[in-house]
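Chemist: Protein chains in written order, with our numbering: chain A, 2 to 80; chain B, 35 to 321.
Where is the CB? At the ideal position from N, CA and C, for every residue including glycine.
Pasting in a structure now, in structure tokens, and then I'll have a few things to ask.
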Amino acid sequence: MAATITHPRPASETLDIYFLEMRAKLLEIGATLDRIDRSARPEEVVADPRLAFIREALAVLQSAGPERARRIEELYSLQ
Amino acid sequence: MFFIDPHIHMVSRTTADYEMLALSGVVAVSEPAFWAGFDRSPAGFVDYFRQLTEFEPVRAAQFGIDHYCWICLNPKEAEDLGKAREVLAEMPRFLDQPNVLGIGEIGLNKNTANEVKVFQQHVQMAIDAARRQTAGASPAMRHALILIHTPHLQDKLKGTRLILEMLKDFGNAIDPGRVLIDHVEEHTIGLVKEAGYWAGMTIYPISKATPQRAVDMMEMYGPERLCVNAAADWGVSDPLNTHRTMQEARRRGHPLPVLLDVFYNNPARFFGQNPRFKPKPMRMATL
Ligand SMILES: [Zn+2]
């Protein structure tokens, strides 16, 4: 494995910088799921695998690290 | 498509931005008085009010844009009651200027006791301004239009509730149809609209709403008494976020007359309650 580079900032600074961005992305996901529910014929997408992917990705976010991003990418990958 | 930009801080923008606004269909802008990024002295406010009432209308007119503004001491600087007293004493003469629509953007920032006090003083001034103009005789006295800033992020819900309670305490003296409560989001838009006030949605994709969420709110709460703004200022902001919201509504298939209503007619209806505001609501002819 290639040499890694340590992230140069302390965690508190990283959180400061990215907290509002993460919050905005969560709001966007909530609003988009609501929008799908409010759309005509929501029953047609209940079993859509893309929504299953979103739910599984949210479960990854709730799990401990590391490599949450890689695991979400793999969830969305054809095997 | 024509636009009225209901909330933009042009003192912080370049003249090239005026041209860009004109090119993108903006025919009128409404500029509330706000925080400059640093606290000013009372003398600084007098200069600022002159900039809003004398200089900006001339700069806007070069591009055929009507410039209107609002006068107040912003909530962030209202913490200093001594300064508030001095600034409020200067306000009445500016309220009489021909491009001033009313008092704003007043409101709360950190929901402190001093902010509350200064908010109430501004509302009282809006009521008194009308009495002054109608010589105190008419029973149909209508207070000056009021534009209200609601706090940011975690302070927004509490601050909005507090603002609604304070307005309610003024009883019949306040007509909700003459008050616009700005920066509403999903958790506050219902409170504001149900109480009969006008609501403004601000498109700041990180700290307030995105074009997508704003159109969602328009769908869920209806386009009546609703305005969209980009609140472009000296911070990270983009005047065209208003247009991006229109574009998002358009691509969802909302008909042009609804878009004309939200982005032009609604501001024209709210601001037009002050006869100084010239643009009138338009109807789209069916071809
Ligand atoms: Zn503002």
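What three-state label does DSSP hand alanine 171 of chain B in the structure shown?
Modeler: Summary for alanine 171 of chain B: the model assigns pLDDT 44, below 50, so the residue's position carries little reliability; its value from the coordinates is reported in the next sentence. If DSSP states are grouped into helix, strand and coil, alanine 171 of chain B belongs with coil.
Chemist: Which residues of chain B have a Cβ atom closer than 9 Å to the Cβ of leucine 21 of chain A, listed in chain order?
Modeler: Leu187, Ile240 and Ser241
Chemist: Between the Cα of phenylalanine 79 of chain B and the Cα atoms of B:Val121, B:Asn206 and B:His156, which residue gives the shortest distance?
Modeler: B:Val121
Chemist: Taking all protein chains shown into account, do 16 or more other C-beta atoms lie within 10 angstroms of the C-beta of phenylalanine 72 of chain B, making it buried, or fewer, making it exposed?
Modeler: exposed
Chemist: Drop a sphere of 10 angstroms on the beta-carbon of tyrosine 19 of chain A, count the other beta-carbons inside from all chains shown, and report buried for 16 or more, exposed for fewer.
Modeler: exposed
Chemist: Is the shortest distance between the beta-carbon of alanine 41 of chain A and the beta-carbons of chain B less than 7 Å?
Modeler: no
Chemist: Is proline 66 of chain B near ligand 1, in the sense that its beta carbon is under 6 Å from a heavy atom of that ligand?
Modeler: Proline 66 of chain B Cβ: within cutoff of ligand 1.
Chemist: List the endpoints of the continuous alpha helix (DSSP H) containing isoleucine 223 of chain B.
Modeler: It spans 223-228 - the alpha helix (DSSP H) in which isoleucine 223 of chain B sits, taken as one unbroken run.
Chemist: May I ask you to list, following chain order, the residues of the region 236-267 of chain B that have a beta carbon less than 8 Å from some beta carbon of chain A?
Modeler: Pro239, Ile240, Ser241, Thr244, Gln246, Arg247, Asp250, Glu253 and Met254
Chemist: Below 7 Å between beta carbons: does that hold for phenylalanine 68 of chain B and isoleucine 105 of chain B?
Modeler: Not closer than 7 Å, so no.
Chemist: Using only CA atoms, which one of B:Ala233, B:Lys144 and B:Ile140 lies nearest to glutamine 158 of chain B?
Modeler: Residue nearest to glutamine 158 of chain B within the set B:Ala233, B:Lys144 and B:Ile140 is B:Ile140 (criterion: CA-CA distance).
Chemist: Would you mind working out which of B:Leu201, B:Glu113, B:Pro301 and B:Ala233 sits nearest phenylalanine 37 of chain B, comparing C-alpha positions?
Modeler: B:Pro301
Chemist: So alanine 123 of chain B is in the alpha helix (DSSP H); what residue range does that whole segment cover?
Modeler: 115-129
Chemist: Label serine 172 of chain B either buried or exposed according to how many other C-beta atoms from any shown protein chain fall within 10 Å of its C-beta, with 16 as the threshold for buried.
Modeler: A caution first: serine 172 of chain B carries a pLDDT of 48, below 50, which makes its placement in the model too unreliable to give a value.
Chemist: Would you decide whether histidine 101 of chain B is buried or exposed? Buried here means 16 or more other CB atoms lie within 10 Å of its CB.
Modeler: By the Cβ neighbour-count rule, histidine 101 of chain B is buried, with 16 or more other Cβ atoms within 10 Å of its own.
Chemist: How would you call tryptophan 268 of chain B, buried or exposed, if buried means at least 16 neighbouring beta carbons within 10 angstroms?
Modeler: exposed
Chemist: Starting from the N-terminal side, write out each stretch of the alpha helix (DSSP H) that is 4 residues or longer and does not extend beyond the region 194-261 of chain B.
Modeler: 223-228 and 245-255
Chemist: Mind checking if alanine 32 of chain A is an interface residue toward chain B, Cβ cutoff 7 Å exclusive?
Modeler: It does; some Cβ of chain B falls within 7 Å.
Chemist: Does the beta carbon of arginine 36 of chain A come closer than 7 Å to any beta carbon on chain E?
Modeler: The question asks about chain E, but that chain is absent: this structure's protein chains are A and B.
Chemist: What number of angstroms, rounded off, separates the C-alpha of proline 50 of chain A from the C-alpha of methionine 251 of chain B?
Modeler: 27 Å
Chemist: Are isoleucine 223 of chain B and alanine 233 of chain B close, meaning C-beta to C-beta below 7 Å?
Modeler: Going by C-beta atoms, isoleucine 223 of chain B is nearer than 7 Å to alanine 233 of chain B.
Chemist: Taking 6 Å as the line, does the beta carbon of glutamate 44 of chain A fall inside it for any heavy atom of ligand 1?
Modeler: no
Chemist: In chain B, which residues lie less than 9 Å from leucine 28 of chain A when you measure between Cβ atoms?
Modeler: Glu219, Glu220, Ala243, Thr244 and Arg247
Chemist: Only counting the same chain, and skipping five residues up and downstream in sequence, which positions put a Cβ closer than 8 Å to that of proline 9 of chain A?
Modeler: When the five nearest sequence neighbours on each side are left out, no beta carbon in the same chain lies closer than 8 Å to the beta carbon of proline 9 of chain A.
Chemist: What does alanine 60 of chain A reach in chain B if we use C-beta pairs closer than 9 Å?
Modeler: Those within 9 Å of alanine 60 of chain A in chain B number zero; the least Cβ separation is about 24 Å.
Chemist: How would you list, in chain order, the residues of chain B whose beta-carbon sits under 7 Å from the beta-carbon of alanine 25 of chain A?
Modeler: Neighbours of alanine 25 of chain A on chain B, chain order: Pro239 and Ile240.
Chemist: Under 7 Å between the Cβ atoms of proline 66 of chain B and leucine 181 of chain B?
Modeler: yes
Chemist: Is the beta carbon of glycine 98 of chain B less than 7 Å from the beta carbon of alanine 56 of chain B?
Modeler: Judged by beta-carbon spacing, alanine 56 of chain B lies within the 7 Å limit of glycine 98 of chain B, meaning their Cβ atoms are closer than that value.
Chemist: Given this structure, state the Cα-to-Cα distance separating valine 46 of chain A from leucine 52 of chain A, to the nearest angstrom.
Modeler: A straight-line Cα-Cα distance of about 8 Å links valine 46 of chain A and leucine 52 of chain A.
Chemist: So which of B:His156, B:Leu274, B:Met316 and B:Lys312 has the shortest CA-CA distance to leucine 290 of chain B?
Modeler: B:Met316
Chemist: Which residue comes first and which comes last in the alpha helix (DSSP H) that contains alanine 50 of chain B?
Modeler: 49-57
Chemist: So for serine 13 of chain A, helix, strand or coil by DSSP?
Modeler: helix
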